[in-house]
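Undergrad: Per the numbering used here, the very first residue in the sequence shown carries number 50; after that it's consecutive. Once you've had a glance at the structure underneath, I'll fire off some questions.
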Amino acid sequence: MEDKINSHSITDGFHLVVDALKLNGIDTIFGLAGIPITDLARLAQAEGLRYIGFRHEQSAGNAAAIAGYLTRKPGICLTVSAPGFLNGMVALANATTNGFPMIQISGSSDRAIVDLQQGDYEELDQMNAAKPYAKAAFRINKPEDIGIGVARAIHAAVSGRPGGVYLDLTAEVLAASLDTDAAARSLVRVVDPAPRQIPDPESIKRALDLLASAQRPLIILGKGAAYAQADDAIRSFVEMTGIPYLPMSMAKGLLPDNLKQSAAAARSFVLAQADVVMLIGARLNWLLAHGKGPQWSPTTRFVQLDISPTEIDSNRPIAAPVVADIGSAMSAFLAELKPGYIRPKTMWLDAIAERKRHNTERMAAQLNASRNPMDFYSALRAIRDVLADKPHIYLVNEGANTLDIGRNIIDMREPRKRLDSGTWGVMGIGMGYAIGAAVVSGQPVVAVEGDSAFGFSGMEIETICRYHLPIVVLVFNNGGIYRGDDVNQSGGADPSPTALMKNARYDKLIEAFNGTGYHVTEPRSVTKALTDALASGKPALINCVIDPTAGTESGHLQNLNPQTQVGHA
Ligand code: ADP
Ligand code: TZD
Ligand code: MG
Numbered sequence: 050m051e052d053k054i055n056s057h058s059i060t061d062g063f064h065l066v067v068d069a070l071k072l073n074g075i076d077t078i079f080g081l082a083g084i085p086i087t088d089l090a091r092l093a094q095a096e097g098l099r100y101i102g103f104r105h106e107q108s109a110g111n112a113a114a115i116a117g118y119l120t121r122k123p124g125i126c127l128t129v130s131a132p133g134f135l136n137g138m139v140a141l142a143n144a145t146t147n148g149f150p151m152i153q154i155s156g157s158s159d160r161a162i163v164d165l166q167q168g169d170y171e172e173l174d175q176m177n178a179a180k181p182y183a184k185a186a187f188r189i190n191k192p193e194d195i196g197i198g199v200a201r202a203i204h205a206a207v208s209g210r211p212g213g214v215y216l217d218l219t220a221e222v223l224a225a226s227l228d229t230d231a232a233a234r235s236l237v238r239v240v241d242p243a244p245r246q247i248p249d250p251e252s253i254k255r256a257l258d259l260l261a262s263a264q265r266p267l268i269i270l271g272k273g274a275a276y277a278q279a280d281d282a283i284r285s286f287v288e289m290t291g292i293p294y295l296p297m298s299m300a301k302g303l304l305p306d307n308l309k310q311s312a313a314a315a316r317s318f319v320l321a322q323a324d325v326v327m328l329i330g331a332r333l334n335w336l337l338a339h340g341k342g343p344q345w346s347p348t349t350r351f352v353q354l355d356i357s358p359t360e361i362d363s364n365r366p367i368a369a370p371v372v373a374d375i376g377s378a379m380s381a382f383l384a385e386l387k388p389g390y391i392r393p394k395t396m397w398l399d400a401i402a403e404r405k406r407h408n409t410e411r412m413a414a415q416l417n418a419s420r421n422p423m424d425f426y427s428a429l430r431a432i433r434d435v436l437a438d439k440p441h442i443y444l445v446n447e448g449a450n451t452l453d454i455g456r457n458i459i460d461m462r463e464p465r466k467r468l469d470s471g472t473w474g475v476m477g478i479g480m481g482y483a484i485g486a487a488v489v490s491g492q493p494v495v496a497v498e499g500d501s502a503f504g505f506s507g508m509e510i511e512t513i514c515r516y517h518l519p520i521v522v523l524v525f526n527n528g529g530i531y532r533g534d535d536v537n538q539s540g541g542a543d544p545s546p547t548a549l550m551k552n553a554r555y556d557k558l559i560e561a562f563n564g565t566g567y568h569v570t571e572p573r574s575v576t577k578a579l580t581d582a583l584a585s586g587k588p589a590l591i592n593c594v595i596d597p598t599a600g601t602e603s604g605h606l607q608n609l610n611p612q613t614q615v616g617h618a
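Now the structure itself:
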């Protein structure tokens with residue numbers, strides 16, 4: 050009896066971490082088990098959290114990051130010390146760069162040994178290594194600080210511009226025991242972790258006046274707008290003002306791509322011609338040519354709506370900054386806006402419609418050409434048509450040509466359904482994002498992957514099969530990074546630096562894990578394979594054979610690809 054009472058009055062760090070996460074509404078962990086966090090993963094599962102175990106920490110981290118983007122709660126990635134920690138760091142840095150809320154929790158080795166560099170198992174000063182790549186990095190050195198440490202991590206991840214937070218848990222803290230009552234008292238339920246940031250009314254008026262003065266206004270929606278989940282208010286504002294809009298890649302579907310007001314099919318034209326541009330949750334970074342150069346008019350004036358005050362004037366002067374959260378700012382705009390106050394000139398709207406018609410006709414010619422072997426256009430058209438009446442399906446997209454052409458061809462109808470390489474143009478997010486989206490939404494996911502892109506996270510198809518996730522992967526197999534026809538300029542037998550295996554059968558990989566593989570060489574088979582795979586609701590991989598001579602080096606980023614002007618010897 051005495052013993053029993055004692056064992057009930059003592060808890061430990063493992064339990065406290067799980068309790069702290071649960072208390073704050075965390076229900077899923079994406080991780081990879083090992084010393085010293087194996088028991089943490091096991092306990093979390095026992096206590097009712099969903100644990101998804103990966104084959105590489107980078108994919109676990111990517112899954113956590115996209116879960117954060119989709120749910121506005123920090124996605125949790127759990128990793129072991131030094132190498133596991135570092136494997137996860139690419140995803141943590143990517144989450145910070147993209148503004149996705151995520152917490153990487155990593156076990157760490159003995160502090161005394163690490164700090165004297167005496168050579169511990171998996172020794173690394175993880176917290177300090179994480180700092181430059183994370184929005185914040187914390188270490189918990191006492192078990193009674195677990196509650197407050199988790200609370201700090203949650204606030205840091207989701208407040209303001211969201212980002213990746215590193216939370217270091219020493220093996221000692223995990224294993225430490227403490228009194229149950231003291232433990233319970235140490236827990237913290239976070240109140241209002243992402244507080245609204247109300248705009249200054251002056252800034253709203255200034256922005257509306259500037260938009261009203263415009264002849265050729267344009268709205269650019271970024272993934273910050275998608276993240277904000279202020280979909281109705283954004284749509285009302287766009288419709289009330291009649292201003293044409295351009296979605297950045299992951300903002301596609303925030304308003305349906307097929308709306309008449311979308312200027313996506315006239316992108317270059319509107320960027321160059323607009324006199325006032327309103328950025329809503331979009332940075333003027335490389336994805337918008339920094340607002341400079343031949344793509345833009347040097348006299349364009351800007352409204353910028355962003356939660357981060359230091360984003361203002363980052364590349365071009367912002368005439369009307371609105372620093373606020375997008376939900377609050379859009380409500381303020383709608384409250385202040387008088388009907389008819391903002392009205393884009395008919396000439397502007399007509400010119401855009403004309404340009405859209407012209408570009409759409411040009412694109413149709415490419416889409417309708419039947420090529421053998423398939424090119425990117427014909428394969429993507431088949432995918433587009435299958436997905437047309439399934440707007441609830443998530444689309445993950447990475448690669449170069451596969452990404453750049455895919456973005457233009459596959460329309461999105463619902464918010465936050467397109468998940469892609471994002472701000473870094475990173476390869477390797479594919480399977481992690483697909484798994485994260487499938488797990489938190491319960492919806493099917495289609496991942497359209499370049500063959501190089503797929504390779505970065507391809508082993509996770511085992512994870513997909515192990516958890517029976519409704520994910521269909523299409524590998525655009527052109528036998529190379531960018532193209533499959535590059536040659537070794539030395540004339541030697543090795544393949545060129547951009548070459549991948551010719552005639553590889555990626556479909557056979559998934560068969561090793563009892564998933565369904567398809568091998569297709571023409572658009573009609575793409576249609577059939579994708580339709581059947583989606584109807585089955587089971588994991589599938591479709592190996593799409595693409596003409597190795599189709600596509601271009603660097604996809605649409607040829608201007609960023611320096612090339613030698615001097616031939617080889
Ligand atoms: P894209 O790549 O789609 O252009 P970016 O990631 O460059 O989008 O920009 C997103 C911007 O949105 C960031 O500057 C970020 O600070 C901002 N942001 C994120 N969430 C919110 C929010 N809730 N309210 C206001 N701004 C936000
Ligand atoms: N490594 C990482 C992590 N990110 C990157 N973006 C790259 C390397 C460089 N890179 C690109 O920018 S696209 C790409 C690489 C390797 C792959 C393109 O080949 P693909 O797509 O097969 O995925 P396409 O359809 O053949 O163009
Ligand atoms: Mg390729």
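C-beta atoms are modelled at their ideal positions from N, C-alpha and C, and glycine is treated no differently. Quantities reported herein were computed from a predicted structural model and do not represent experimental measurements.
How big is the Cα-Cα spacing for Q175 and A142?
TA: Position 126 of the sequence shown, counted from the start, is the residue given in the question as residue 175. Position 93 of the sequence shown, counted from the start, is the residue given in the question as residue 142. Roughly 14 angstroms between the two C-alpha positions.
Undergrad: State the beta-bridge partners of T128 as determined by DSSP.
TA: Within the sequence shown, the letter at position 79 stands for residue 128. Beta-bridge pairing links T128 to S155.
Undergrad: Starting from the C-beta of T409, find all residues in its chain whose C-beta is less than 7 angstroms away, skip the five residues before and the five after it, and write them out in chain order.
TA: Indexing the sequence shown from 1 puts residue 409 at position 360. Once the five neighbours on either side are set aside, the close Cβ partners of T409 are A314.
Undergrad: Shortest alpha-carbon distance to R284 belongs to which of G342, F149, E463, G540?
TA: Here residue 284 refers to the residue found at position 235 when the sequence shown is read from its first residue. Out of G342, F149, E463, G540, E463 has the C-alpha closest to the C-alpha of R284.
Undergrad: Please name the residue in I375, A400, R433 whose C-alpha comes closest to that of G455.
TA: Taking the sequence shown and counting its residues from 1, the one referred to as residue 455 is at position 406. Of I375, A400, R433, the residue nearest in Cα terms is R433.
Undergrad: Could you tell me whether any non-hydrogen atom of the ligand MG is closer than 7 angstroms to the CB of S427?
TA: Against the sequence shown, residue 427 aligns to sequence position 378. No; taking the cut-off as 7 angstroms, the Cβ of S427 has no heavy atom of the ligand MG nearer than that.
Undergrad: E172 by DSSP, collapsed to three states: which one?
TA: Numbered from its first residue, the sequence shown carries residue 172 at position 123. Reduced to three states, the DSSP call for E172 is coil.
Undergrad: On the CB-based measure, 16 or more other CB atoms within 10 Å of its CB, does P181 come out buried or exposed?
TA: For this step, residue 181 is matched to residue 132 along the sequence shown. Its Cβ having fewer than 16 others within 10 Å, P181 is exposed.
Undergrad: Nearest to F318 by alpha carbon, out of W345, V325, A338, V237?
TA: As a working note, residue 318 is residue 269 in the sequence shown. The shortest Cα separation from F318 among W345, V325, A338, V237 belongs to W345.
Undergrad: Could you tell me the distance, in whole angstroms, from the CA atom of L583 to the CA atom of P493?
TA: For the purposes of this step, residue 583 is taken as the residue at position 534 of the sequence shown. For the purposes of this step, residue 493 is taken as the residue at position 444 of the sequence shown. Each residue's alpha carbon lies about 8 angstroms from the other.
Undergrad: Terminal residues of the continuous beta strand (DSSP E) containing E447?
TA: Locating residue 447 in the sequence shown gives position 398, counting from the first residue. Residues 443-447.
Undergrad: Does DSSP put R284 in a helix, in a strand, or in coil?
TA: Along the sequence shown, read from residue 1 onward, the residue named residue 284 stands at position 235. Helix, per DSSP.
Undergrad: I'd like to check one pair, L227 with T60: are the Cβ atoms closer than 8 angstroms?
TA: Taking the first residue of the sequence shown as 1, we reach residue 60 at position 11. Taking the first residue of the sequence shown as 1, we reach residue 227 at position 178. Yes, the pair counts as a contact, with Cβ atoms nearer than the cut-off.
Undergrad: Give the single residue among M396, L89, G564 whose Cα lies nearest to the Cα of A225.
TA: Your numbering for residue 225 matches position 176 in the sequence shown. Taking only the C-alpha atoms, the option nearest A225 is L89.
Undergrad: Taking A315 as part of the beta strand (DSSP E), name the residues at either end of that continuous run.
TA: Here the question's residue 315 lines up with position 266 in the sequence shown. No beta strand (DSSP E) contains A315, which DSSP labels as neither H nor E.
Undergrad: Using only the alpha-carbon positions, how far apart do A428 and D453 sit?
TA: Translated into the one-based positions of the sequence shown, residue 428 becomes position 379. Translated into the one-based positions of the sequence shown, residue 453 becomes position 404. Cα to Cα, A428 sits roughly 14 angstroms from D453.
Undergrad: Put E51 into one of helix, strand or coil per three-state DSSP.
TA: The sequence position of residue 51 within the sequence shown is 2, counting from 1. Its pLDDT being 43, under 50, E51 is placed unreliably in this model, and the coordinates cannot settle the point.
Undergrad: Note down, in chain order, each residue of its chain lying with its Cβ closer than 7 angstroms to the Cβ of L333, except the 5 sequence neighbours on either side.
TA: Stepping through the sequence shown from its first residue, residue 333 is reached at position 284. Taken in chain order, the residues that qualify are H339, G340, S363, N364, R365.
Undergrad: Between V435 and T580, how many whole angstroms is the CB-CB distance? I'm expecting something under 8 angstroms.
TA: Position 386 of the sequence shown holds residue 435. Position 531 of the sequence shown holds residue 580. Between T580 and V435 the Cβ distance is about 6 angstroms, and since that is below 8 angstroms, they are a contact.
Undergrad: Please state the DSSP three-state secondary structure of G97.
TA: Here residue 97 corresponds to residue number 48 of the sequence shown, with the count starting at 1. If DSSP states are grouped into helix, strand and coil, G97 belongs with coil.
Undergrad: What is the DSSP secondary structure of S226, reduced to helix, strand or coil?
TA: Here residue 226 refers to the residue found at position 177 of the sequence shown. Reduced to three states, the DSSP call for S226 is strand.
Undergrad: Within the continuous beta strand (DSSP E) that includes Y567, where are the two ends?
TA: In the sequence shown, the residue the question calls residue 567 occupies position 518. Here the beta strand (DSSP E) through Y567 covers 565-569.
Undergrad: Should D110 and Q167 be called a contact, given that it needs their Cβ atoms to be closer than 8 angstroms?
TA: Taking the sequence shown and counting its residues from 1, one reaches residue 110 at position 61. Taking the sequence shown and counting its residues from 1, one reaches residue 167 at position 118. A quick correction: the sequence has Gly, not Asp, at residue 110. The answer is no: Cβ separation not under 8 angstroms.
Undergrad: Going by alpha carbons, who is nearest to Q322 out of H605, A578, D280, P343?
TA: Here residue 322 corresponds to residue number 273 of the sequence shown, with the count starting at 1. The candidate whose alpha carbon is nearest that of Q322 is P343.
Undergrad: Cβ atoms of L257 and F351: under 8 angstroms apart, would you say?
TA: Here residue 351 is taken as the residue at index 302 of the sequence shown, counted from 1. Here residue 257 is taken as the residue at index 208 of the sequence shown, counted from 1. Contact flag unset, no.
Undergrad: Give the secondary structure of L236 by DSSP, where H, G and I count as helix, E and B as strand, and everything else as coil.
TA: Within the sequence shown, numbered from 1, the residue matching residue 236 stands at position 187. If DSSP states are grouped into helix, strand and coil, L236 belongs with coil.
Undergrad: From K551, N537, F149, A437, pick the residue whose C-alpha is nearest to that of V495; which is it?
TA: For the purposes of this step, residue 495 is identified with residue 446 of the sequence shown, where counting begins at 1. Ranking the options by Cα distance to V495, first place goes to A437.
Undergrad: With 16 as the cutoff for other CB atoms within 10 Å, does R406 come out buried or exposed?
TA: Start at 1 with the first residue of the sequence shown, and residue 406 comes out as number 357. Per the 10 Å Cβ criterion, exposed.
Undergrad: Quick check: is any heavy atom of the ligand ADP less than 7 angstroms from the C-beta of M327?
TA: Locating residue 327 in the sequence shown gives position 278, counting from the first residue. No, the ligand ADP has no heavy atom inside 7 angstroms of this Cβ.
Undergrad: Is G499 near the ligand MG, judged by its Cβ being under 7 angstroms from some heavy atom?
TA: Stepping through the sequence shown from its first residue, residue 499 is reached at position 450. Yes; taking the cut-off as 7 angstroms, the Cβ of G499 has a heavy atom of the ligand MG nearer than that.
Undergrad: DSSP state of I75, grouped into three classes?
TA: Position 26 of the sequence shown, counted from the start, is the residue given in the question as residue 75. Here I75 sits in coil by DSSP.
Undergrad: What's the gap between the Cα of A331 and the Cα of G541?
TA: Counting from 1 along the sequence shown, the entry for residue 331 is found at position 282. Counting from 1 along the sequence shown, the entry for residue 541 is found at position 492. C-alpha separation (whole angstroms): 47 angstroms.
Undergrad: Taking only three categories from DSSP, how would you classify F149?
TA: One-based indexing of the sequence shown puts residue 149 at position 100. F149: coil per DSSP, three-state reduction.
Undergrad: Any heavy atom of the ligand ADP inside 7 angstroms of the beta-carbon of S357?
TA: Here residue 357 corresponds to residue number 308 of the sequence shown, with the count starting at 1. S357 Cβ: within cutoff of the ligand ADP.
Undergrad: In three-state DSSP terms, what is G83?
TA: For the purposes of this step, residue 83 is taken as residue 34 along the sequence shown, with counting starting at 1. Here G83 sits in coil by DSSP.
Undergrad: Given that a residue counts as buried once 16 or more other Cβ atoms are within 10 Å of its Cβ, and exposed if not, what is M461?
TA: The sequence position of residue 461 within the sequence shown is 412, counting from 1. Label assigned to M461: buried.
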